[in-house]
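Down below is the structure, laid out as structure tokens.
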Amino acid sequence: MSVPCRAANDDDPDAAFLDDVRRFLAEALTPDLREAGRRTLGVHSDIEACRIWHRRLYQRGWIAPGWPVAHGGTGWTARQRFLFDRECALNDAPVLFAGGIRSLGPLLIEMGTAVQQARFLPGILSGEDLWAQGFSEPGAGSDLARVATRAERQGEHYLVDGSKIWTTGAHLANRMFALVRTAMGDKPQRGLTFLLIDMPSPGLTVSPIITIDGEHELNAVFFDQVRVPVANRIGEEGQGWGVAKRLMQLARSNNTPSALVRRVYQRARAAALAAGDLEPGLRARLVAAEVELTAFEQTELALLPGGRLREGDNTSPSVLKLIGSELHQRVAELAMEIAGTTRGGALEPFREEAGLLADGARATAKHFATRAASIYSGSSETQRNVIFQALQAAG
Ligand SMILES: Cc1cc2nc3c(=O)[nH]c(=O)nc-3n(C[C@H](O)[C@H](O)[C@H](O)COP(=O)(O)OP(=O)(O)OC[C@H]3O[C@@H](n4cnc5c(N)ncnc54)[C@H](O)[C@@H]3O)c2cc1C
């Protein structure tokens with residue numbers, strides 16, 4: 000099969016670029032970092048490996064390829080960005096804890112003041128600041144506008160009371176961007192405000208939630224009179240819905256990039272090669288996965304010209320999130336089924352072997368972890384609703 004973006008050769012205009020990337024990865028990706036990349040179950044790798052890998056990319060100037068050059072981006076073309084992500088995946092680079100790089104940084108560049116950009120962007124780029132997303136609440140998930148966590152203004156501060164749930168990495172992050180309620184409006188979308196909150200603030204507590212794969216990535220976060228400076232507000236008071244919607248579009252546009260799916264596909268393919276004579280049904284599904292993944296890669300390139308979301312493009316993020324997360328699930332399930340025919344498979348899901356899960360057991364845990372992909376960052380139903388509304392509006 001011809002896969003246009005697969006490899007560099009002498010005619011490839013990006014051959015020198017790719018050589019450069021490969022040289023860098025060969026040197027910077029130590030065996031322990033590659034191992035951390037391979038062992039990733041949830042949305043990011045082991046946090047220490049993330050920190051080291053983040054620093055190396057930052058020092059090389061490659062931590063934020065999707066940002067404008069003026070703010071620390073690389074100036075790469077969309078294809079170069081794609082090739083870079085793909086090489087990282089093929090070489091088992093750690094998956095970064097990257098809410099700052101992927102969502103909040105681009106939002107600040109679009110909607111933050113110059114003072115906020117100067118204050119927060121450097122910490123995102125260097126990796127000193129890790130950002131959690133505080134949107135969901137027990138009564139506000141798909142229907143996010145039902146957010147009830149209150150923020151009451153007192154002089155130059157807000158006092159925040161309430162709770163957030165399903166907060167990925169709240170126990171690791173030192174900062175959080177959050178949607179809070181500053182007033183009751185005639186519609187739930189009115190009276191919401193977007194704040195940046197320091198996690199070590201007095202009155203803020205984090206409580207772990209352990210998921211079905213046995214991992215601790217999620218948390219509940221409680222606020223008891225937490226003081227947040229007014230200077231940490233993005234946009235106007237009461238206008239947080241528009242800010243949060245844009246944040247979600249930026250997040251969804253790269254929530255499940257093709258490179259992430261390529262990682263799991265690579266595992267499935269390796270397991271298939273190890274299994275030797277693969278059952279025909281599995282063989283057919285492996286081929287179908289390669290075809291779908293290649294199509295997804297091309298879709299990504301088409302919908303993210305310049306490697307990032309076009310202004311005013313409200314639909315592509317949902318298209319990319321929907322295709323990416325559901326394909327991710329199918330490939331993770333396939334990887335589990337193929338690995339299950341080799342060793343340590345689904346029948347002994349969490350067996351530890353010399354400190355490592357056996358291949359099949361790891362594939363099972365990965366399958367469980369990936370079930371969440373069609374829920375987080377907005378469920379598949381939510382993405383379908385957004386796309387349908389766009390189709391209706393287009394007539
Ligand atoms: C692993 C993981 C990580 C997460 N990380 C974060 C995070 O870091 N920060 C954060 O703020 N949140 C996070 N979330 C929360 C996530 O965004 C919500 O779980 C999600 O938006 C769904 O909300 P809910 O769980 O309240 O389900 P509900 O909204 O109650 O939905 C339940 C079911 O009903 C369906 N449904 C709801 N409304 C409609 C509708 N109008 N039409 C059709 N179907 C509908 C949904 O698709 C779903 O299947 C995370 C979730 C998971 C699983």
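For the sequence shown, numbering that gives the first Met the number 0 gives the first residue as 0, with consecutive numbering after it. No residue lacks a Cβ here, since even glycine has one placed at the ideal position from N, Cα and C.
Name the DSSP bridge partner or partners of residue i?
| i | result |
| --- | --- |
| V220 | K163, V205 |
| L194 | A177, R232 |
| W130 | R174 |
| Y264 | DSSP lists no partner for Y264. |
| L158 | E151, R226 |
| A139 | E136 |
| H215 | I209 |
| Q238 | L191 |
Give me, in chain order, the residues of the same chain whose beta-carbon lies closer than 7 Å to that of residue i; leave out the 5 immediate sequence neighbours on both sides.
| i | result |
| --- | --- |
| M110 | I233, G234, V242, R245 |
| D223 | D160, G202 |
| E351 | Any reading at E351 must be qualified, since the residue scores a pLDDT of 44, below 50, and its modelled position is unreliable; no value is offered. |
| P228 | E155, H156 |
| A372 | T255, S324, H327, Q328 |
| N218 | T166, A169, H170, V205, S206, P207, I208 |
| L40 | D212, E214, A364, K365, A368 |
| M183 | G190 |
What separation, rounded to the nearest whole angstrom, lies between the Cα atoms of residue i and residue j?
| i | j | result |
| --- | --- | --- |
| I374 | V318 | 15 Å |
| L17 | W66 | 20 Å |
| W61 | R55 | 9 Å |
| S252 | R268 | 26 Å |
| Q116 | G104 | 8 Å |
| L277 | A338 | 11 Å |
| E289 | Q265 | 10 Å |
| A177 | T167 | 13 Å |
| G344 | L158 | Residue placement at G344 is poorly supported in this model, since its pLDDT is 47, which falls under 50; the coordinates still yield a value, given next. Approximately 51 Å between the Cα atoms of the pair. |
| E336 | G275 | 14 Å |
| P64 | G237 | 32 Å |
| L302 | P256 | 12 Å |
| A258 | D185 | 43 Å |
| S102 | L390 | 26 Å |
| A331 | F81 | 21 Å |
| L346 | G359 | Low confidence applies here, because L346 scores a pLDDT of 41, under 50, leaving its location unreliable and the question unanswered by this model. |
| R180 | E127 | 29 Å |
| A139 | Q188 | 12 Å |
| L355 | N173 | Residue placement at L355 cannot be trusted, given a pLDDT of 43 that sits under 50; the coordinates are not used to answer. |
| M443 | P279 | The requested residue 443 is not part of the displayed model; the chain covers only 0 to 394. |
Looking only at its chain, what residues have a beta carbon closer than 6 Å to the beta carbon of residue i, apart from the 5 residues adjacent to it on each side?
| i | result |
| --- | --- |
| G394 | none |
| I322 | F295 |
| P316 | Q248, R251, S252 |
| A88 | A258, R261, R262 |
| E299 | S257 |
Pair every Cβ in the segment 61-76 with every Cβ in the segment 190-210, then say whether three or more of these pairs are closer than 8 Å.
no
Pairing CB atoms from the segment 147-157 with CB atoms from the segment 117-124, are three or more of them under 8 Å?
The segment 147-157 vs the segment 117-124: no contact.
May I ask you to verify whether the segment 88-104 touches the segment 34-50, counting CB pairs closer than 8 Å and requiring at least 3?
With the cut-off at 8 Å, the segment 88-104 and the segment 34-50 touch.
Specify whether the segment 367-384 and the segment 303-312 touch according to this definition: at least 3 beta carbon pairs, one from each stretch, less than 8 Å apart.
With a cut-off of 8 Å, the segment 303-312 and the segment 367-384 do not count as touching, because too few Cβ pairs lie within range.
So within the segment 41-129, which uninterrupted beta strand (DSSP E) runs reach at least 3 residues, ignoring any that extend past its ends?
none
Hey, is the segment 39-51 in contact with the segment 99-119, meaning 3+ C-beta pairs nearer than 8 Å?
Segments in contact, no.
Which residue spans inside the segment 352-385 form an unbroken alpha helix (DSSP H) run of at least 4?
358-369
At which residue ranges does the segment 299-339 contain complete alpha helix (DSSP H) runs of 4 or more residues, listed in the order of the chain?
315-339
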